[in-house]
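Quick mapping for you: the protein sequence lines, in order, are chains A and B. For the first sequence, the working numbering assigns the number 492 to the last residue and increments by one with no breaks. For the second sequence, the working numbering assigns the number 1128 to the last residue and increments by one with no breaks. Positions of the beta carbon are idealized from the N, C-alpha and C atoms, including for glycine. Working notes for the structure below.
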Amino acid sequence: MMTHGPILQVVLPLLVAPICFVFSRFHRFCWIVACVISWIGLFISIRLFFQAEQGVIVYELGGWAAPWGIEYVIDRLNAFILVIISAVAAIVFPYSLTSIKAEIDPRQRGLYFTCMLLCLAGLLGIAITGDAFNLFVLLEISSLSTYTLIALGRDRRALASSFQYLIMGTIGATFILISVGLLYSLTGTLNMADLAERTQNLHTSRTLKVAYSFLIVGIGLKLAMFPLHLWLPNAYAYAPSAVTVFLASTATKVAIYVLLRFLFNVFGITFSFELLQTEWILIGLGLISMLFASIVAVFQQNIKRMLAYSSVAQVGYILLGIGLLNINGLTAALLHIFNHALIKGALFMSLGAICFRVGNTELKNIAGIGRMMPWTMAAFVAGGISLIGIPSSVGFISKWFLILAAIEKGWWPIVVIISICSLIAVAYIWRVIETAYFKTPQDSGTRYVEAPLSLLIPTWILVFLNYLFGTSATFTIDFAATTATLLLGAGR
Amino acid sequence: MIDSIVGLYNYWIAIFLMMAGFYTVIASDNLVKKIVGLNIFQTSVFILYISLGKVEGGSPPIVSANIDVYSNPLPHVLILTAIVVGVATTALGLSLIIRIKKAYGSVEESDIIEADQQMLEPTQDEKQ
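So this is what it looks like as structure tokens:
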């Protein structure tokens, strides 16, 4: 049974999704099934994580050996991504039942679980697969279900933003498809390990450069790299809260994983960095993302949209970490993939609780809510502190390594920009805190009660993890540092 | 020179279709036209893939006793999957357009943006 862990990880949610579709009228049943599946998934991914510590796991689909069949390859890097995705899913599914009660039409609740499971299967599949074309198919599975999930939002703007994301996402995925096609025409293989081997001698080939460019732009669209981030703020702002939690903590992280995999393993460090010098693009766009998105976030009237812009800024931090191209920088990037999932998960979950009571997340409507919903707002403040990066929270640890990496290179302006962006984060988080605690409601008759426990418990689990991994970070830091060393050593 | 134009005509067709589709996606205001543009854009990639699989002098990949050279069937199989994905995307896009039409009463992007801005304006008046 456990030897088939890698395939079960992906196939279980994929198989259960149609069952949820058939029984979509009974959304409670779907909820229970989805929760159980996500917990089994978490168990499998943790097991795989510890197995992958000992050595790379290779699983051949249907027993067909690698160049002909598709293989799943799990090394330290993607075992780590698998744990993040399945852990977030295991927390978001229990949270969903109450959260969607306020936000999704009763007839569509069963379908919500169907799409969430499909999206989960797609994301897990992207992270686990060792085949470039398989990656494209799973990317489309997760993307198509994401478009549907965003369109479930009550606001009609959800439809428009879902459509916008559909257009941009499909263009991005098609770019990836072009790149895979060119790589295949050049090397005659789709297996990532084979690709890595065969592209070694083709560094001067123009086809390889074109394939590389298409791939970077395609993934850049998916991970919301600065000029390609336009779909993200609206999509996150108008999707149902539970969907936003799930997407914000997993979807962009998986895209960053794909970027890492292709930059460091498939194309190799010599090609991507020494020959084409991609690090300057990553650093440049990363810095612009950080500054631009942070500043725009300060002026948002909708808190969800504000945090969405903040997500674009945080992706900038991760890109900067990759672009610095030293062990500390990559450690920071890997840590921030994990830490940002925890931070944004906690923040969006507390916003979901606010949305459950208030009905929306407009800044003006939450005046004075700090006293009416103390636990919810406390979770938001705790998450906000972590986002800013105050010591003892996870946000501090990744920023610390990022600053160390910049100092190591001697690039002081970057250290200054990182600090400035943290200060801007203080500004936008403070706007929410000020409104929630120090302002009185416009209509003095407004009374909201505390959010139900079924929303608060998952939120506080994530808040707790924020500080657990913030105070005792040895495990995550060691892990990220070893993985970073492996990545940097891999292409040489 | 002539060789690079005539000899690689399949690439030129793919590039032309790709640019035409991409331009339609960006330039047209109508959402349905955007989806059609997206379809043309995707089709160009299908053609690129299929033409990659052609081996000069190769016959269709069906095993037969007196044939030595076959075309490569793998790109065709891959593109079959990509076509399915394309169909799903088109279906989803069109069904979104139906719901957008119900919600906004229009399928023109400029109208939708205008309607969203009008929704925002009253809240700004409330502030003043």
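For Y1070/B, no alpha helix (DSSP H) segment is defined, and its DSSP state is neither H nor E. Restricting attention to I388/A, A353/A and A382/A, the CA atom closest to the CA of M372/A is found in A353/A. Annotation: K1033/B to T146/A spans about 22 Å, alpha carbon to alpha carbon.
At a cut-off of 7 Å between C-beta atoms, G1093/B counts as an interface residue with respect to chain A.
By a beta-carbon distance limit of 8 Å, S1059/B contacts I1067/B. Their separation comes to about 5 Å. Contiguous alpha helix (DSSP H) elements confined to the region 329-415 of chain A occur at 369-372, 374-388 and 394-409, taking only those with 4 or more residues. Contact between L61/A and Y72/A holds, since their C-beta atoms are separated by about 7 Å, short of 8 Å. Note on geometry: alpha-carbon atoms of V358/A and L456/A lie some 15 Å from one another. Closer than 7 Å to the CB of T174/A there is at least one CB belonging to chain B. Secondary structure note for I1015/B: its alpha helix (DSSP H) is the uninterrupted segment Y1009 to A1027. At a cut-off of 7 Å, the C-beta of Y1023/B has no neighbouring C-beta in chain A. V33/A and T250/A do not touch by the CB rule: their CB atoms are close to 20 Å apart, not below 8 Å. Counting only residues of its own chain and dropping the five nearest sequence neighbours on each side, S1044/B has a CB closer than 7 Å to the CB of A1014, L1017, M1018 and G1021.
Comparing alpha-carbon positions, the option among R47/A, R76/A and I461/A lying closest to L260/A turns out to be R76/A. When rounded, the separation of the alpha-carbon atoms in L215/A and V1063/B is 35 Å. For E1108/B, there is no enclosing beta strand (DSSP E), as DSSP marks it with neither H nor E.
Assigned with DSSP and collapsed to three states, S1059/B falls in strand. According to the DSSP assignment, I74/A belongs to the beta strand (DSSP E) that extends over E71 to I74.
Approximately 14 Å separates the beta-carbon atoms of I337/A and K222/A; this is outside 8 Å, ruling out the contact.
At a beta-carbon threshold of 8 Å, the residues of chain B lying near S162/A are L1096, ordered along the chain. Taking the Cα of V58/A as reference, the smallest distance to any Cα among M192/A, A242/A and M290/A is reached at M192/A. Legend: CB atoms of the region 127-143 of chain A lying less than 9 Å from CB atoms of chain B belong to residues F133, F136, V137, E140, I141 and S143.
Your pair L1096/B and F163/A checks out as a contact, with CB atoms roughly 5 Å apart and the cut at 8 Å. Under the Cβ distance rule, Y147/A counts among the residues neighbouring chain B, one pair being separated by less than 7 Å.
At a cut-off of 7 Å between C-beta atoms, L82/A does not count as an interface residue with respect to chain B. Taking a Cβ-Cβ cut-off of 7 Å, Q1117/B has no neighbours in chain A, whose nearest Cβ is about 11 Å from it.
DSSP, reduced to helix, strand and coil, places Y448/A outside both helices and strands of the structure shown, so it counts as coil.
Setting aside the 5 residues that flank it on each side, L202/A is surrounded in the same chain by L186, T187 and L208, each with a C-beta closer than 8 Å to its C-beta; the list follows chain order. When 8 Å is used as the limit between beta carbons, A151/A is near these residues of chain B: L1096 and R1099, in chain order. Taking 7 Å as the upper bound on Cβ-Cβ separation, chain A lies near residues L1031, K1034 and L1038 of the region 1026-1038 of chain B. Around I84/A, the same chain offers S249, T250, K253, I337, F338 and A341 as residues with beta carbons nearer than 8 Å, after the five sequence neighbours per side are excluded. With respect to chain A, the C-beta atom of T1043/B has no partner C-beta closer than 7 Å.
CA-to-CA, the gap between T440/A and G153/A works out to about 29 Å. Checking the DSSP bridge columns, you'll see T129/A partnered with Y72/A. Taking the Cβ atoms as the reference, F271/A lies roughly 13 Å from E279/A, outside the contact range of under 8 Å.
Residues of the same chain with a CB within less than 8 Å of the CB of A451/A, apart from the 5 flanking positions on each side, are A353, I354, F356, R357, M373, W375 and T376 in chain order.
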